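Scroll down for the structure; my scribbles are underneath it.
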Amino acid sequence: MSDAVRVEHLSKSFGSIDAVKDVSFAVPAGTAFGLLGPNGSGKSTVVECIVGTKVPDKGTVEVLQLDPIRERRRLFQRCGVQFQDCDYQPEIKVSELCEEFACLYDSPADWRELCNRFGIGDKTAEAVKSLSGGQRQRLFVALALLPDPEVVFLDELTTGLDAAARRSVWEILNDLKRDGMTLFLVSHFMDEVEAVCDRICILEDGAIAFMGTPEEAKAATGEANFEEAYLVLSGKKGE
Ligand SMILES: Nc1ncnc2c1ncn2[C@@H]1O[C@H](COP(=O)(O)OP(=O)(O)OP(=O)(O)O)[C@@H](O)[C@H]1O
C-alpha cells in the first residue's frame, strides 16, 4: 500500500516559538489518520505544511507523492481541505457556492448528491448565511469532498453538530474510507477519533508524544476509556 501522506523530520518555528519539532509520520492510502493534541500543540501548523500553505523550516512533506508547494496545482485537483468558513458573497445561495467550488475542479463530484448525503439537500436554494451553524458545518464538509479527492483534510469536523448528525457524518466517512479515500482528521473529540481513525498521532508542545492505534493508546496507559488514555498521553491528565 502506498502512502497518501508522508512527513519526515518536519520542523517549523515562529520567531522564538518552536511550533513543530522533528515530526515524522506516514498515512497509508485508504486509511484514516487522526492528529491530536492540546491547543497550541502544533496540529494546524503541521496540516498547513502538509497542504502547502506554510513552508517548513526543515524536513520534507509529500502528499500523493507530490510536493505540496512545487506541485500545488496538481495536488489541488486530488486533495480536499475543509474550511471552517470561507469568504463568500453575503447573499450567495448554497447551490451557487457549490457551483462556484465545482468550477474549480476538473472532475468534480455531484454537489447535489453530496448535499443530500449530508442532510442539507433541501437547503440548496437558501442563502448560506441563513443556515444554522451545524448545517453550514456540513456544507463545508461537503465542499471539501467536491474535488472527489483521494485524500481529504478535515479540521474539527463535527463541531456544532447534534448527536445524530455527528454519527451520520462518521458513517459517511467510514463509507468513503471503504471506497479507498484517505482521511486526515484534526480533532478534539475522542469519540469521533475512535469511531473513524485507524491510527493517531498525539502532539505535545510540537513534538510527537504518541503514535499508534486508539487500542494501543489504551493499552499503553492501562486506561479502558480512550479519552482518558488521550489525556494521559498528551500530558493533560489531572490538569
Ligand atoms: N503565524 C504564527 N505566528 C506566531 N506564532 C504562531 C503562528 N501560528 C502558530 N503559532 C504558534 O505555534 C504554536 C502551535 O500553534 P498551532 O495553531 O499549530 O496549534 P494547534 O495545535 O493547531 O492549536 P489549536 O488546537 O488551538 O488549534 C502555538 O504556540 C501558536 O501560538
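Straight run, no breaks: the sequence shown in numbering that gives the first Met the number 0 ends on number 238.
Even for Gly, the Cβ is constructed at its ideal location relative to N, Cα and C.
Since this is a predicted model, take the numbers as computed values, not measurements.
Report task. Give the straight-line distance between the Cα atoms of Gly133 and Thr123, rounded to the nearest whole angstrom. Result -> Walking along the sequence shown from the start, residue 133 turns up at place 134. Walking along the sequence shown from the start, residue 123 turns up at place 124. Distance between the alpha carbons of Gly133 and Thr123: 15 Å.
**Report entry** Terminal residues of the alpha helix (DSSP H) in which Ala164 lies
**Finding:** Residue numbering aside, residue 164 sits at position 165 when the sequence shown is read from its first letter. Note, Ala164: alpha helix (DSSP H), Ala162 to Arg177.
Requested in this report: Could you check if Glu193 is buried or exposed, using at least 16 other CB atoms within 10 Å of its CB as the buried criterion?
Outcome: Numbered from its first residue, the sequence shown carries residue 193 at position 194. Counting Cβ neighbours within 10 Å, Glu193 comes out buried, since at least 16 surround it.
Requested in this report: Rounded to whole angstroms, what's the CA-CA distance from Glu47 to Lys53? Just pull it up for me.
Outcome: Stepping through the sequence shown from its first residue, residue 47 is reached at position 48. Stepping through the sequence shown from its first residue, residue 53 is reached at position 54. Near 5 Å, if we compare the C-alpha coordinates of Lys53 and Glu47.
Requested in this report: Could you check which residue in Tyr229, Gly179 and Ala18 has the C-alpha nearest to that of Cys200?
Outcome: Start at 1 with the first residue of the sequence shown, and residue 200 comes out as number 201. Of the listed residues, the one whose Cα sits closest to Cys200 is Tyr229.
**Report entry** Local Cβ density within 10 Å of Glu191, reported as buried at 16 or more and exposed below that
**Finding:** Here residue 191 refers to the residue found at position 192 when the sequence shown is read from its first residue. Buried, because 16 or more other Cβ atoms sit within 10 Å of the Cβ of Glu191.
Requested in this report: May I ask whether a heavy atom of ligand 1 can be found less than 7 Å away from the beta carbon of Lys20?
Outcome: As a working mapping, residue 20 is identified with position 21 in the sequence shown. The answer is no for Lys20.
Report task. Check each residue's C-beta against every heavy atom of ligand 1 and list, in chain order, those closer than 6 Å. Result -> Listed along the chain, these residues meet the criterion: Phe13, Ile16, Ala18, Gly36, Asn38, Gly39, Ser40, Gly41, Lys42, Ser43 and Thr44.
Report task. Compute the Euclidean distance between the alpha carbons of Val22 and Ile207, then round it to the nearest angstrom. Result -> The count along the sequence shown starts at 1 and reaches residue 22 at position 23. The count along the sequence shown starts at 1 and reaches residue 207 at position 208. Straight across, the Cα-Cα distance linking Val22 with Ile207 is about 6 Å.
Query raised in the report: For Ala262, which option in Lys128, Ala126, Glu112 and Met210 has the closest C-alpha, if you only look at C-alpha atoms?
Result: Residue 262 lies beyond the stretch modelled for the chain, which goes from 0 to 238, so this question has no answer here.
Query raised in the report: How would you call Asp178, buried or exposed, if buried means at least 16 neighbouring beta carbons within 10 angstroms?
Result: In the sequence shown, the residue the question calls residue 178 occupies position 179. So Asp178 ends up on the exposed side.
Requested in this report: Determine the direct distance from the alpha carbon of Lys57 to that of Ala18, and round the result to whole angstroms.
Outcome: Here residue 18 refers to the residue found at position 19 when the sequence shown is read from its first residue. Here residue 57 refers to the residue found at position 58 when the sequence shown is read from its first residue. Their Cα atoms are separated by approximately 12 Å.
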